[in-house]
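*Asks:* According to numbering that gives the first Met the number 0, the sequence shown holds residues 0 to 110 in order. For every residue, glycine included, the Cβ atom is placed at its ideal position computed from N, Cα and C. Given the structure is predicted, the values throughout are model-derived calculations rather than measurements.
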Amino acid sequence: MPDDDFIWSEAHRWRAHLDARNGAGPAELTLRLLKLTEEAGEVAQAWIGAQGQNPRKGVTHTVDDVVAELADVVFTSLVAIASLGGDPRQAVTDCVVKAAGYLDAAPAPDR
Numbered sequence: 000m001p002d003d004d005f006i007w008s009e010a011h012r013w014r015a016h017l018d019a020r021n022g023a024g025p026a027e028l029t030l031r032l033l034k035l036t037e038e039a040g041e042v043a044q045a046w047i048g049a050q051g052q053n054p055r056k057g058v059t060h061t062v063d064d065v066v067a068e069l070a071d072v073v074f075t076s077l078v079a080i081a082s083l084g085g086d087p088r089q090a091v092t093d094c095v096v097k098a099a100g101y102l103d104a105a106p107a108p109d110r
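1) Starting from the Cα of residue 17, find the closest Cα among 79, 64, 87 and give me that residue.
2) How many whole angstroms separate the CB atoms of residue 91 and residue 68, which I take to be in contact at a CB cut-off of 8 Å?
3) Put residue 75 into one of helix, strand or coil per three-state DSSP.
4) Decide if residue 58 is buried, meaning its Cβ has at least 16 other Cβ atoms within 10 Å, or exposed.
5) Alpha carbon to alpha carbon, what distance is there between residue 53 and residue 47?
6) Quick check: the Cα distance between residue 73 and residue 106, rounded to an integer number of angstroms?
7) Does the count of Cβ pairs from the segment 0-7 and the segment 31-40 closer than 8 Å reach three?
8) Restricting to Cα atoms, I'd like to know which of 1, 0, 11, 39 is closest to residue 85.
9) What's the call for residue 81, buried or exposed, on a 16-neighbour Cβ count within 10 Å?
10) Check residue 97 in the structure and name its three-state DSSP category.
11) What first and last residue would you give for the alpha helix (DSSP H) that runs through residue 61?
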């Protein structure tokens, strides 16, 4: 299995690939951001399918399908961050540090 550096380098490689193929103007960047909405919709579709909530179709997806779709959202986000000139690794680290601070400051749950 590749190390974590593989994830970050692939986000940058995909950004370069998309830039070369589609350009990097405002319309292209908008579409990359909108791609997140499409991927999130696929998460919802997979979860609905895993719950069998469409009576006509029944159960059409597994939890593993949902997990895979969530991973698509994560990677698409990393590419979008790189596309905007951000550093995906730093952005995710900053987000996790912020979340950890909220959790550290939260009162302990009553049990």
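*Replies:* Straight from the coordinates:
1) Minimum Cα distance to residue 17 is reached at 79.
2) That pair is no contact at about 19 Å.
3) Of the three classes helix, strand and coil, the one that applies to residue 75 here is helix, per DSSP.
4) Exposed: under 16 other Cβ atoms inside 10 Å.
5) So the alpha carbons of these two residues sit roughly 7 Å apart.
6) Distance from the CA atom of residue 73 to the CA atom of residue 106, rounded to whole angstroms, is 29 Å.
7) With a cut-off of 8 Å, the segment 31-40 and the segment 0-7 do not count as touching, because too few Cβ pairs lie within range.
8) For the residues 1, 0, 11, 39, the minimum Cα distance to residue 85 belongs to 11.
9) Per the 10 Å Cβ criterion, buried.
10) Three-state DSSP puts residue 97 in a helix.
11) Counting along the chain, residue 61 sits inside no alpha helix (DSSP H), nor does DSSP assign it H or E at all.
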